[in-house]
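In the numbering used here, the protein residues as written are 5 to 241.
Glycine included, C-beta positions come from ideal geometry on N, C-alpha and C.
Please read the structure below before turning to the comments.
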């Protein structure tokens, strides 16, 4: 439906805003307690994906912002703290956000394996800019030395948005308006295909990846000192 398409696009903007405030803004994520539905959902999915293989460590960070929309980060590293991989997701519910973040994290782990295989078979000259960026994250970050990768403060299990897309969309737009953030929509649906496509714009939200520092991100950096001092400017995405 158009409402579901608009909700999906708007959640993507909320996710990027939370990512920017975390990675470039330096706002640390909160812990996800064991009783949180997100924790159980993530644990079950990780166990299913790994099938007991490997020694990677995995954990969640709650990146939910003042908008109150569930945003979760799933992080994994090797036992020594290297090998950083991360997935992010904003969803109407916390459990769904955790599952989506874990899947994205697993995709990054697979992407790293592909890049290493390419490097072994064809040499470093065969790697493109995206490959080098992935290796920089994987090899350049040490979890022990980057506080942004670890939870801080008290847990806060925000309530899920309504189940129905139309109701969830209305609730999300209402929360954005409460923060003074306008919401613009454009219907890009092609009648001959009949698949709803919506483009959503929220000029007040921060963007990741990106170089623009708007008021929202600037205020966060002024409060924390920014995130670059913790990860040395290594790109998240």
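Spatially closest choice to residue i from the options, by CA coordinates
{"i": "residue 59", "options": "122, 113, 133", "result": "113"}
{"i": "residue 17", "options": "141, 237, 88, 206", "result": "206"}
{"i": "residue 37", "options": "30, 102, 25, 218", "result": "102"}
{"i": "residue 44", "options": "100, 226, 118", "result": "100"}
{"i": "residue 67", "options": "186, 52, 92, 12", "result": "92"}
{"i": "residue 165", "options": "200, 75, 34", "result": "75"}
{"i": "residue 201", "options": "191, 209, 77, 210", "result": "191"}
{"i": "residue 154", "options": "236, 49, 240, 79", "result": "79"}
{"i": "residue 228", "options": "15, 31, 22", "result": "31"}
{"i": "residue 241", "options": "131, 119, 214, 62", "result": "214"}
Buried or exposed (CB count within 10 angstroms, at least 16 for buried), residue i
{"i": "residue 212", "result": "buried"}
{"i": "residue 98", "result": "buried"}
{"i": "residue 216", "result": "exposed"}
{"i": "residue 95", "result": "buried"}
{"i": "residue 156", "result": "exposed"}
{"i": "residue 188", "result": "exposed"}
{"i": "residue 197", "result": "exposed"}
{"i": "residue 117", "result": "exposed"}
{"i": "residue 136", "result": "exposed"}
{"i": "residue 233", "result": "exposed"}
{"i": "residue 19", "result": "buried"}
{"i": "residue 81", "result": "buried"}
{"i": "residue 70", "result": "exposed"}
{"i": "residue 50", "result": "buried"}
Own chain partners of residue i with C-beta closer than 7 Å, once the 5 adjacent residues on each side are dropped
{"i": "residue 238", "result": "140, 141, 144, 145"}
{"i": "residue 72", "result": "162, 179"}
{"i": "residue 105", "result": "76, 77, 78, 91, 92, 93"}
Rounded Cβ spacing between residue i and residue j (contact assumed at less than 8 Å)
{"i": "residue 29", "j": "residue 221", "result": "5 Å"}
{"i": "residue 172", "j": "residue 11", "result": "6 Å"}
{"i": "residue 158", "j": "residue 34", "result": "7 Å"}
Same chain only: Cβ atoms within 8 Å of residue i, ignoring 5 sequence neighbours per side
{"i": "residue 54", "result": "60"}
Contacting residues, own chain, Cβ-Cβ under 6 Å from residue i (five flanking each side not counted)
{"i": "residue 170", "result": "7"}
{"i": "residue 203", "result": "190, 192"}
{"i": "residue 108", "result": "91"}
Q) Touch check for the segment 109-124 and the segment 166-176: three-plus C-beta pairs under 8 Å? A) no
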